[in-house]
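A.B. asks: Per the numbering used here, numbering of the sequence shown is gapless, rising by one per residue and ending at 274.
We put the CB at the ideal spot given by N, CA and C, even for glycine.
Just so it is clear, the structure is predicted and the values come from calculations on it, not from any experiment.
Dropping the structure in here first, questions after.
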Amino acid sequence: MLRVALAALLGALSLTACAQQPSAPAAGKGTAAPAAAASDGAAEQRVRSALLKLDPKFQPEFIGAAPFAGFREVLVSGQVLYVSDDGRYLMQSQPYDIQNKAPVSSAGLLAYRQKLLAKVPQGERIVFAAPNAKYTVSVFTDIECGYCRKLHQDIAELNRNGISVEYLAFPRMGLGSQDYTDMISVWCAADRKQALTAAKSGKPVAPKNCTNPVAMQYTLGQQIGVNGTPAIFAADGTQLGGYLPPAQLKAALERTTAGGSR
């Protein structure tokens, strides 16, 4: 499994690469933009080649400029990585903007996440809508997860704060597990909101089966970089983290709207 193989290799901070450093862009108004674009393309190719040399199975889903100089932001096997533009150094860490007090991601990665999340229609989500919504979050959830249950206990307060919550299924134990089967039952219930609330309260899940999106949502979660639940995403694709108390989640969304997450 690529995610396991990648995790095993993340202890190595240096990648093998023979590429040259990019040439400095030529001076002059007419050449500055093309030179920057060419440099970006060359850096992307070096990063791609370095990852393939590390393991031929690594096929990045996304490579773009990192939110800090000298690195590419890479999504590979559901993991967000940062690789130096010369293809030598690899880091696995969420960058944090000290000034804005918020995690940061590149505009390209945010757009990629938005595109993936847009594949899930509202009818395939379990939606707890705020009467006068200011914000909407997509939350990958698991019915057995303690922090998912804690977040669900905050639903009424989140809605009062103008935050709509749209749940997507992410059975942490994997496809074919009892957790997965129970989440199918929730998504197939006549009243999915009631079934989800009951399941997160620890009540037995009545077996149900139907054509359902649980496996697709789980796979999409892996593609988008979900490693645990709850995983909360703002409308612009910013990953806000795991469980946050209502006031903190609202503050994070306000910063995101103001551009502070970038």
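Going by DSSP, what residue range makes up the alpha helix (DSSP H) through Leu63?
C.D. replies: Locating residue 63 in the sequence shown gives position 51, where the first residue counts as 1. Leu63 -> alpha helix (DSSP H) spans 44–66.
A.B. asks: Could you tell me the boundaries of the beta strand (DSSP E) in which Leu93 lies?
C.D. replies: Residue numbering aside, residue 93 sits at position 81 when the sequence shown is read from its first letter. Residues 91–96.
A.B. asks: Might you give, ordered along the chain, the residues of its own chain that have their beta carbon closer than 7 Å to the beta carbon of Gln106, omitting 5 neighbours on each side?
C.D. replies: Here residue 106 is taken as the residue at index 94 of the sequence shown, counted from 1. So the qualifying residues of the chain are Pro115.
A.B. asks: Answer with buried or exposed for Pro242, where buried requires no fewer than 16 other C-beta atoms within 10 angstroms of its C-beta.
C.D. replies: For the purposes of this step, residue 242 is taken as the residue at position 230 of the sequence shown. So Pro242 ends up on the buried side.
A.B. asks: Taking Asp97 as the reference, which of Thr223, Pro79, Lys113, Gln111 has the closest Cα?
C.D. replies: Position 85 of the sequence shown holds residue 97. Cα-wise, what sits closest to Asp97 is Pro79.
A.B. asks: Kindly indicate which three-state DSSP category His147 falls into: helix, strand or coil?
C.D. replies: Taking the sequence shown and counting its residues from 1, one reaches residue 147 at position 135. The sequence shown places Tyr at residue 147, rather than the His named in the question. Correct three-state label for Tyr147: strand.
A.B. asks: Since Met103 contacts Leu93 with CB under 8 Å, what's their CB separation in whole angstroms?
C.D. replies: For this step, residue 103 is matched to residue 91 along the sequence shown. For this step, residue 93 is matched to residue 81 along the sequence shown. 7 Å between Cβ atoms; contact.
A.B. asks: Given a threshold of 16 other Cβ atoms within 10 Å of its Cβ, counted over all protein chains shown, does Gln251 qualify as buried or as exposed?
C.D. replies: Counted from its first residue, the sequence shown places residue 251 at position 239. So Gln251 ends up on the buried side.
A.B. asks: Using the three-state DSSP reduction, which class does Val238 fall into: helix, strand or coil?
C.D. replies: Counting from one through the sequence shown, the residue named residue 238 turns up at place 226. In the structure shown, Val238 sits in coil (DSSP, three-state: anything other than H, G, I, E or B).
A.B. asks: Whose C-beta lies closer than 6 Å to the C-beta of Leu129 among residues of the same chain, with five residues either side of it excluded?
C.D. replies: Reading the sequence shown from its first residue, position 117 is the one you call residue 129. Once the five neighbours on either side are set aside, the close Cβ partners of Leu129 are Ser150.
A.B. asks: Counting beta carbon pairs with one atom in the segment 140–147 and one in the segment 174–190, are three or more of them shorter than 8 Å?
C.D. replies: Contact between the segment 174–190 and the segment 140–147 is present, because at least three Cβ pairs lie under 8 Å.
A.B. asks: Look at the alpha carbon of Ala201 and the alpha carbon of Gly158, and state the distance between them as a whole number of angstroms.
C.D. replies: Within the sequence shown, numbered from 1, the residue matching residue 201 stands at position 189. Within the sequence shown, numbered from 1, the residue matching residue 158 stands at position 146. If I take the Cα positions, the gap works out to 22 Å.
A.B. asks: Please name the residue, chosen from Thr268, Met195, Leu163, that lies closest to Pro258 on a Cα-to-Cα basis.
C.D. replies: What you label residue 258 is simply residue 246 of the sequence shown in a count that begins at 1. Nearest C-alpha to Pro258: Leu163.
A.B. asks: Taking C-beta to C-beta, are Gly99 and Ser61 nearer than 8 Å?
C.D. replies: Numbered from 1 along the sequence shown, position 87 holds the residue referred to as residue 99. Numbered from 1 along the sequence shown, position 49 holds the residue referred to as residue 61. Yes, the Cβ-Cβ distance between Gly99 and Ser61 is below 8 Å.
A.B. asks: Unbroken beta strand (DSSP E) runs of length 3 or more, entirely within the segment 152–190: which are they?
C.D. replies: If we require 3 residues or more, the beta strand (DSSP E) runs fully inside the segment 152–190 come out as 175–181.
A.B. asks: My parser needs the alpha helix (DSSP H) runs of 4 or more residues fully inside the segment 116–144; what are they?
C.D. replies: Complete alpha helix (DSSP H) runs here, min 4: 119–129.
A.B. asks: Quick one: is Ser189 buried, meaning 16 or more other Cβ sit within 10 Å of its Cβ, or exposed?
C.D. replies: Counting from one through the sequence shown, the residue named residue 189 turns up at place 177. Its Cβ having fewer than 16 others within 10 Å, Ser189 is exposed.
A.B. asks: How big is the Cα-Cα spacing for Ala207 and Trp199?
C.D. replies: By one-based count along the sequence shown, residue 207 stands at place 195. By one-based count along the sequence shown, residue 199 stands at place 187. Near 8 Å, if we compare the C-alpha coordinates of Trp199 and Ala207.
A.B. asks: In terms of alpha-carbon separation, which member of Ala247, Gln260, Glu266 lies closest to Thr148?
C.D. replies: Reading the sequence shown from its first residue, position 136 is the one you call residue 148. Minimum Cα distance to Thr148 is reached at Ala247.
A.B. asks: Leu265 to Tyr108, Cα distance in whole Å?
C.D. replies: The residue you call residue 265 lines up with position 253 of the sequence shown. The residue you call residue 108 lines up with position 96 of the sequence shown. Between Leu265 and Tyr108, the C-alpha separation is close to 16 Å.
A.B. asks: Can you tell me which of the three DSSP states Glu266 falls into?
C.D. replies: Here the question's residue 266 lines up with position 254 in the sequence shown. Residue state, collapsed to three classes: helix.
A.B. asks: For Cys160, count the other beta carbons within 10 Å of its own beta carbon; 16 or more makes it buried, fewer makes it exposed. Which is it?
C.D. replies: Mapped onto the sequence shown, residue 160 falls at position 148. With 16 or more other Cβ atoms within 10 Å, it is buried.
A.B. asks: My guess is that Glu156 and Asp191 are in contact by the Cβ rule of under 8 Å, so how many angstroms apart are they, rounded?
C.D. replies: Translated into the one-based positions of the sequence shown, residue 156 becomes position 144. Translated into the one-based positions of the sequence shown, residue 191 becomes position 179. The Cβ separation is near 6 Å, so the contact holds.
A.B. asks: In whole angstroms, give me the CA-to-CA distance for Lys220 and Ile196.
C.D. replies: Looking up residue 220 in the sequence shown gives position 208. Looking up residue 196 in the sequence shown gives position 184. Taking the straight line joining both Cα atoms gives about 7 Å.
A.B. asks: Measure the alpha-carbon distance for Leu64 versus Pro72 and round it to whole angstroms.
C.D. replies: Mapped onto the sequence shown, residue 64 falls at position 52. Mapped onto the sequence shown, residue 72 falls at position 60. The alpha-carbon atoms of Leu64 and Pro72 are separated by roughly 9 Å.
A.B. asks: Quick check on the burial criterion: 16 or more other C-beta atoms within 10 angstroms. Buried or exposed for Ser35?
C.D. replies: If you number the sequence shown from 1, residue 35 lands on position 23. Confidence at Ser35 is low in this model, with a pLDDT of 32, below 50, so the placement of that residue is unreliable and no value is reported for it.
A.B. asks: Between Gln91 and Glu85, what straight-line distance do the alpha-carbon atoms span, to the nearest angstrom?
C.D. replies: Translated into the one-based positions of the sequence shown, residue 91 becomes position 79. Translated into the one-based positions of the sequence shown, residue 85 becomes position 73. Near 10 Å, if we compare the C-alpha coordinates of Glu85 and Gln91.
A.B. asks: Can you grab the Cα-Cα spacing for the pair Met228 / Ala181, in whole Å?
C.D. replies: Your numbering for residue 228 matches position 216 in the sequence shown. Your numbering for residue 181 matches position 169 in the sequence shown. Approximately 9 Å, taken between the alpha carbons.
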